[in-house]
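Asker: The structure is given below, and queries will be raised subsequently.
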């Protein structure tokens, strides 16, 4: 009996050893085969660790090494530690897809250096464009201060650029800025590599000469565009070659009529394949009068663009839209202790539009803020594809011009029943081969202009191109604080302390017009951050520490006991 048990035990032992050897052999074989193939698995719901196809293509086409010297290492608080770890993970991902053309090293700034050497290093980093951050943190009623360099110096083929890992946003705390920086890591990293590879930027022109938005109030949009393109402001002034060097033109909030000559020059620019972003207010509002007197009139603007846009496939209506989903304005409701008492009121003339389409321009965008926006109708135009990019909400009210606008109207709370219109278009994309609006009515000045006819032939039918029409110029307008000589971020509402997606929407528009859909795709990616509850961290710290320490041990003991009883029961038979 004992001999049989011993034989059985030896047989089981040999079988277990054989199973273990087979398992190890399978693991070795899988690793051997895997060394010849590249495959990564992303198990997150939003595929946050899956690079965009445009990023993969960029990395696979790298023909030389890109070196990242990341000066973002050391002991940080949990938020910046997470950002550092996320930055390292995405660099690993980039290195894997680039065939090791991406190389990096993390450096603790000043480690092992004397004070003078450390100051010299920091000076060099600053001169190269790396900006330090002073981090103030309160922990257990103690305030601590630290200086960090959340960025990298990137080198490629003798060129250098800066990768900003952390982007601090005004009027937001560090936690929010860190979270947004985590979301934008792939975008910012890809953008940095593209800058190093770019030999020449395309030119984007803001047309002026018709009282468009001035430099101070368009500076945030222009600054954002300058990361990708050469940006300039150009008056047409009847110059036939004024737009010849422009890859795209932007008409932002004109307030006076376009001459026949300027219309024709823009028209022929489009016929030759030029791209246009129209940001036009069909109805004008005098903001100063509204602020000073509390009321104003919304009057049609005689811009002389109606026939052009109608020919291209849209009509801008001289109406103002009010929307139940809107921003708020601060109004003084009296004085309290000798000080003005401001209160926020819903302002239907400032609609908040939430994109709900799947077009790459608007996919995954947050709310976009408009001011005194009008409606757009699409018109039949042969060969033109029209895509409505943005609509108002389900509850919209159309007010024809002249429109009376009173601040005092906010005292009567808006009711949904007053907003009878729904999903009114305010931004439309047009694509195709446009027909010249000057067909059969060519201005005589151009028929006799030998310089123009020598360089360009009049085109009645254009090359394939695209344009975007938005019925609001203020969507691109940033506030400017003259007392501090500082511009306010585009899309930031100082009254409500909210940041809207105006800048992202406009950048997407220009990227799409200029066929730079790779950056557009990255910017519209959605990443869900699963953050810890700060309140629970503070109040339940001991509880969760005990669970994290004891739970694995308890599970291990339980598993051992189960295994022990199973073996005992098995061999008892």
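Residue numbers (this note's numbering): 725 to 1297. The C-beta atom is built at its ideal place from N, Cα and C for all residues, glycine as well.
Give me whichever residues DSSP pairs with residue 998 in a beta bridge.
Answerer: The residue given as residue 998 occupies position 274 in the chain shown. Per DSSP, none; premise fails for residue 998.
Asker: Does the region 986 to 998 come close enough to the region 1178 to 1195 that 3 or more CB-CB pairs lie under 8 angstroms?
Answerer: With the cut-off at 8 angstroms, the region 1178 to 1195 and the region 986 to 998 touch.
Asker: Do you know offhand how far residue 1053's Cα is from residue 1008's?
Answerer: In the chain shown, counting from the first residue as 1, residue 1053 sits at position 329. In the chain shown, counting from the first residue as 1, residue 1008 sits at position 284. Rounded to the nearest angstrom, the two C-alpha atoms are 19 angstroms apart.
Asker: Which residue marks the beginning of the alpha helix (DSSP H) containing residue 847, and which one marks its end?
Answerer: For the purposes of this step, residue 847 is taken as residue 123 along the chain shown, with counting starting at 1. First-last of the alpha helix (DSSP H) with residue 847: 839 to 851.
Asker: Give the DSSP bridge partners of residue 1070, in chain order.
Answerer: Position 346 of the chain shown, counted from the first residue, corresponds to residue 1070. According to DSSP, residue 1070 bridges with 1052.
Asker: Using DSSP with H/G/I as helix, E/B as strand and the rest coil, what is residue 1251?
Answerer: Stepping through the chain shown from its first residue, residue 1251 is reached at position 527. Reliability of the predicted coordinates at residue 1251 is poor, the pLDDT of 49 falling under 50, and the value obtained from them is presented with this limitation in mind. Here residue 1251 sits in coil by DSSP.
Asker: Could you please give me the residues that DSSP links to residue 890 through a beta bridge?
Answerer: Stepping through the chain shown from its first residue, residue 890 is reached at position 166. According to DSSP, which records beta bridges pairwise, residue 890 is partnered with nothing at all.
Asker: Secondary structure at residue 1079, three-state DSSP: helix, strand or coil?
Answerer: Taking the chain shown and counting its residues from 1, one reaches residue 1079 at position 355. Coil.
Asker: Over what stretch of residues does the alpha helix (DSSP H) that includes residue 784 continue unbroken?
Answerer: Looking up residue 784 in the chain shown gives position 60. It spans 777 to 784 - the alpha helix (DSSP H) in which residue 784 sits, taken as one unbroken run.
Asker: By DSSP's criteria, residue 1227 is part of a beta bridge. Which residues make up the other side?
Answerer: As a first step, residue 1227 is located in the chain shown; it is residue number 503 there, counting from the start. Beta-bridge pairing links residue 1227 to no other residue.
Asker: Return the first residue and the last residue of the beta strand (DSSP E) that residue 911 is part of.
Answerer: The residue given as residue 911 occupies position 187 in the chain shown. Counting along the chain, residue 911 falls outside any beta strand (DSSP E), though it belongs to the alpha helix (DSSP H) covering 909 to 921.
Asker: Buried or exposed: where does residue 1253 fall if 16 or more other Cβ atoms within 10 Å of its Cβ makes it buried?
Answerer: Mapped onto the chain shown, residue 1253 falls at position 529. Confidence at residue 1253 is low in this model, with a pLDDT of 46, below 50, so the placement of that residue should be treated as unreliable; the coordinate-derived value is given next. Its Cβ having fewer than 16 others within 10 Å, residue 1253 is exposed.
Asker: What are the uninterrupted segments assigned as alpha helix (DSSP H) that are 4 or more residues long and contained completely in the region 1021 to 1049, given in chain order?
Answerer: For the region 1021 to 1049, whole alpha helix (DSSP H) runs of length 4 or above, ordered along the chain, are 1030 to 1036.
Asker: Give every residue of the same chain whose Cβ lies closer than 8 angstroms to the Cβ of residue 910, excluding the five residues on either side of it in the sequence, and list them in chain order.
Answerer: Along the chain shown, read from residue 1 onward, the residue named residue 910 stands at position 186. The residues are 775, 776, 779, 814, 1246 and 1249.
Asker: Buried or exposed: residue 742, going by 16 or more other Cβ atoms within 10 Å of its Cβ?
Answerer: Working through the chain shown from its first residue, we reach residue 742 at position 18. When all chains shown are included, residue 742 counts as exposed.
Asker: Does the Cβ-Cβ distance between residue 1073 and residue 1046 come in under 8 angstroms?
Answerer: Within the chain shown, residue 1073 is the residue found at index 349, counting from 1. Within the chain shown, residue 1046 is the residue found at index 322, counting from 1. A contact, by the Cβ cut-off of 8 angstroms.
Asker: Can you tell me where the beta strand (DSSP E) holding residue 930 begins and where it ends?
Answerer: For the purposes of this step, residue 930 is taken as residue 206 along the chain shown, with counting starting at 1. First-last of the beta strand (DSSP E) with residue 930: 927 to 932.
Asker: Taking the Cβ atom as the reference point for each residue, do residue 1194 and residue 1003 lie within a distance shorter than 8 angstroms?
Answerer: Indexing the chain shown from 1 puts residue 1194 at position 470. Indexing the chain shown from 1 puts residue 1003 at position 279. Contact flag set, yes.
Asker: Do the CB positions of residue 860 and residue 831 come within less than 8 angstroms of each other?
Answerer: Here residue 860 refers to the residue found at position 136 when the chain shown is read from its first residue. Here residue 831 refers to the residue found at position 107 when the chain shown is read from its first residue. No, Cβ-Cβ distance for residue 860 and residue 831 is not below 8 angstroms.
Asker: Do you know whose CA, among 902, 1038 and 917, lies nearest residue 881's CA?
Answerer: As a position in the chain shown, residue 881 is number 157, starting the count at 1. Ranking 902, 1038 and 917 by Cα distance to residue 881 puts 917 first.
Asker: Out of 935, 1012, 1216 and 739, point me to the one whose CA is closest to residue 978's CA.
Answerer: Position 254 of the chain shown, counted from the start, is the residue given in the question as residue 978. Closest option to residue 978, Cα to Cα, is 935.
Asker: Quick check on DSSP: helix, strand or coil for residue 902?
Answerer: Counting from 1 along the chain shown, the entry for residue 902 is found at position 178. DSSP places residue 902 in helix when its eight states are reduced to three.
Asker: Just to confirm the assignment, what range does the beta strand (DSSP E) spanning residue 816 have?
Answerer: Working through the chain shown from its first residue, we reach residue 816 at position 92. It is not in any beta strand (DSSP E) - residue 816 instead sits in the alpha helix (DSSP H) that spans 802 to 821.
Asker: Determine the burial state of residue 1013: buried for a count of at least 16 other Cβ atoms within 10 Å of its Cβ, exposed for fewer.
Answerer: Indexing the chain shown from 1 puts residue 1013 at position 289. Answer is exposed; the Cβ neighbour count stays below 16.
Asker: Nearest-angstrom Cα distance between residue 1018 and residue 929?
Answerer: Sequence index remark: in the chain shown, residue 1018 carries index 294 (1-based). Sequence index remark: in the chain shown, residue 929 carries index 205 (1-based). If you take the alpha carbons of residue 1018 and residue 929, they lie about 36 angstroms apart.
Asker: Starting from residue 1113 and walking both ways along the beta strand (DSSP E), at which residues does that stretch end?
Answerer: Counting from 1 along the chain shown, the entry for residue 1113 is found at position 389. Note, residue 1113: beta strand (DSSP E), 1108 to 1115.
Asker: Would you mind reading off the limits of the alpha helix (DSSP H) that contains residue 1011?
Answerer: As a first step, residue 1011 is located in the chain shown; it is residue number 287 there, counting from the start. Segment 1011 to 1017, the alpha helix (DSSP H) holding residue 1011.
Asker: Let me know the secondary structure DSSP gives residue 872 once reduced to three states.
Answerer: Looking up residue 872 in the chain shown gives position 148. Correct three-state label for residue 872: strand.
Asker: Buried or exposed: residue 751, going by 16 or more other Cβ atoms within 10 Å of its Cβ?
Answerer: Translated into the one-based positions of the chain shown, residue 751 becomes position 27. Exposed is the call here.
Asker: For the 8 angstroms Cβ check, are there 3 or more pairs between the region 1094 to 1103 and the region 1132 to 1141?
Answerer: The region 1094 to 1103, when compared against the region 1132 to 1141, does not touch it at the 8 angstroms Cβ threshold.
Asker: Taking all protein chains shown into account, do 16 or more other C-beta atoms lie within 10 angstroms of the C-beta of residue 1278, making it buried, or fewer, making it exposed?
Answerer: Within the chain shown, residue 1278 is the residue found at index 554, counting from 1. With fewer than 16 Cβ atoms within 10 Å of its Cβ, residue 1278 is classed as exposed.
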